[in-house]
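Residue numbers (my numbering): 250 to 668. So the structure is just underneath, and the comments pick up after that.
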Amino acid sequence: MPRYVQPVNAAGPGSPAGLREANRRRVLDAVLAAGEPTQAGIAAATGLAPATVSNIVRQLVDVGSLTATTTVRGGRRVRAVRVVPPAGHVAGIDFGHRHVRVGLARAADTLPRTTAEGVPGPPVPLVAEREADLPDGHGVDDGLDTAAVMLDQALAAAGVDRAELVGVGVGLPAPVDVRTGAVGEPGILPGWVGVDAAHRAGRRLGVPVAVDNDALLGTLAEQAWGALADVRDAVYLKLSDGVGAGLVLDGRPYRGRTGTAGEIGHVVVADDAGGPTGGVGSTVCRCGNRGCLETWASTTTVVGLLEPLLGRPLTIAEVVARARAGHAPSRRVLADTGGHVGRALGGLCSVLTPARVVVGGELAQAGDLLIEPLHAALVRWALPGAAEGVEVVPARLGARAHVLGAVALAGELALGTRG
Ligand SMILES: [Zn+2]
């Protein structure tokens, strides 16, 4: 699993501190990937100078993240390095538009397992899990208060003392700017915009907190334990109230200059025709544009198209059940939704040539009803060579992908902040 903790309130990615942190992470990555590499092996894997590797290993040994032992390999004395599994427990908190989910795990269990090639290990076992509804448009303090209560319940249920909690990962359905830590727009959590969520949550929960966008956390979880374990170039799609993506380029999650890469929901797919609700001109998006993918393909749009027809509020699970039972309008809406997503993805595939697209989020439960038309549209709108052989598959971790990603993020935090 790629090591990946966003620097909290740290200097930006291009600064000396950002570079040191990036190098530290590359060394940890290399050690985790290889199991027990030599320092020379780490230098070869990372491209870092042997002296730099030696310095970083010494620092990580000092804080208890690594052990280094002298051993003999191939007749030569070498320094072999291993990761020390972090002690204690970590928690993941996944905030949605109207829900919050909390998962608790042993920190050591968040480390990647060695598996046969292409076969991911089972996901990190959660020792306790809680889920609750949140009011629409909730503020930061309300959301954190609810999460704190659920976290206490989870700790009590698992019989874990609060002092054993060493880190928390938080997922938000909004972009998070790595330069400032601020939750950005367009998010679907208006009460959180502009807030330094890691700092605020850290103060409220009394432990180190790392925060990231939920689509990115879904990507991390699927890389560690799911449908992205065996590919180096891929896209994870989150199709829920909000539409977002996590990009994996050359084996690593790609965050872009500001940390907010992947906002495919705000790619304009049509701005000159009737919008999905049949109005004149495309629907205005919460970001201020017209015709963004999210206005065509979110859960809100799907149920909004069918509720007038059926005369009552609907859930996505009901829409999928009706479609599977042969309800033509539900089938049509899910197929069109897949088509809109596929069109936006076609452009992305032409640019990035991923090997696999993993469909997660609430709409993923539509399975082939959405994925087949999505794939067809992707092929239709991508450069022929770029779309050839691209697999489109459902997320393996389902609705738990984001909370498991938050747990993975917390595990990384525990690994990186010891000592
Ligand atoms: Zn938009």
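Idealized CB from N, CA, C, for every residue including glycine.
Between the segment 616-626 and the segment 576-586, can you find at least three pairs of beta-carbon atoms closer than 8 Å?
yes
Could you give the distance in angstroms between the alpha-carbon of A635 and the alpha-carbon of T602?
Position 386 of the sequence shown, counted from the first residue, corresponds to residue 635. Position 353 of the sequence shown, counted from the first residue, corresponds to residue 602. C-alpha separation (whole angstroms): 5 Å.
Buried or exposed for P264, going by 16 or more other Cβ atoms inside 10 Å?
Position 15 of the sequence shown, counted from the first residue, corresponds to residue 264. A quick correction: the sequence has Ser, not Pro, at residue 264. Exposed, by the Cβ-count rule.
Using DSSP with H/G/I as helix, E/B as strand and the rest coil, what is G528?
Looking up residue 528 in the sequence shown gives position 279. With a pLDDT of 48 at G528, under the threshold of 50, the predicted position of this residue should be treated as unreliable, and no value is reported.
Quick one: grab the DSSP three-state call for G651.
As a position in the sequence shown, residue 651 is number 402, starting the count at 1. Note on residue identity: the sequence assigns His, not Gly, to residue 651. Helix, per DSSP.
Under 8 Å: do the segment 565-583 and the segment 461-479 share three or more Cβ pairs, one atom per stretch?
no
Inter-residue Cα distance where the pair is T549 and P369
Mapped onto the sequence shown, residue 549 falls at position 300. Mapped onto the sequence shown, residue 369 falls at position 120. If I take the Cα positions, the gap works out to 33 Å.
With a 10 Å radius around its C-beta and 16 neighbouring C-beta atoms as the bar for buried, classify G416 as buried or exposed.
As a first step, residue 416 must be located in the sequence shown, where it is residue number 167. Counting Cβ neighbours within 10 Å, G416 comes out buried, since at least 16 surround it.
Just reading off the alpha helix (DSSP H) that D343 is part of, what are its end residues?
Indexing the sequence shown from 1 puts residue 343 at position 94. Unbroken run through D343 is the beta strand (DSSP E), H338 to F344; no alpha helix (DSSP H).
Among all the DSSP beta bridges, which residues are the ones paired with P378?
The residue given as residue 378 occupies position 129 in the sequence shown. A small fix is needed here, since residue 378 is Glu in this sequence, not Pro. In DSSP, E378 forms a bridge with G352.
Return the first residue and the last residue of the alpha helix (DSSP H) that A412 is part of.
Mapped onto the sequence shown, residue 412 falls at position 163. Looking at the DSSP string, A412 is not in any alpha helix (DSSP H), and its letter there is neither H nor E.
What does the alpha-carbon distance come out to for the pair I513 and A593?
If you number the sequence shown from 1, residue 513 lands on position 264. If you number the sequence shown from 1, residue 593 lands on position 344. Answer to the nearest angstrom: the Cα atoms are 7 Å apart.
To the nearest angstrom, how far is the alpha carbon of H289 from that of R379?
On the sequence shown, residue 289 is found 40 positions in, with the first residue counted as 1. On the sequence shown, residue 379 is found 130 positions in, with the first residue counted as 1. A small fix is needed here, since residue 289 is Ala in this sequence, not His. If I take the Cα positions, the gap works out to 45 Å.
The segment 390-398 in contact with the segment 644-661 per 3-pair CB rule at 8 Å
no
Going by C-alpha distance, which of T316, V376, V419 and W630 is nearest H338?
The residue given as residue 338 occupies position 89 in the sequence shown. Closest option to H338, Cα to Cα, is V376.
I'd like to know whether the C-beta of A631 is nearer than 7 Å to at least one C-beta of chain B.
Note that chain B does not occur in the displayed structure, where there is just one protein chain.
Should T509 and P424 be called a contact, given that it needs their Cβ atoms to be closer than 7 Å?
Translated into positions along the sequence shown, residue 509 becomes position 260. Translated into positions along the sequence shown, residue 424 becomes position 175. Yes, they are a contact pair.
Where D394 and G352 are concerned, what is the direct C-alpha to C-alpha distance, given to the nearest angstrom?
Looking up residue 394 in the sequence shown gives position 145. Looking up residue 352 in the sequence shown gives position 103. Rounded to whole angstroms, D394 to G352 spans 16 Å at the Cα level.
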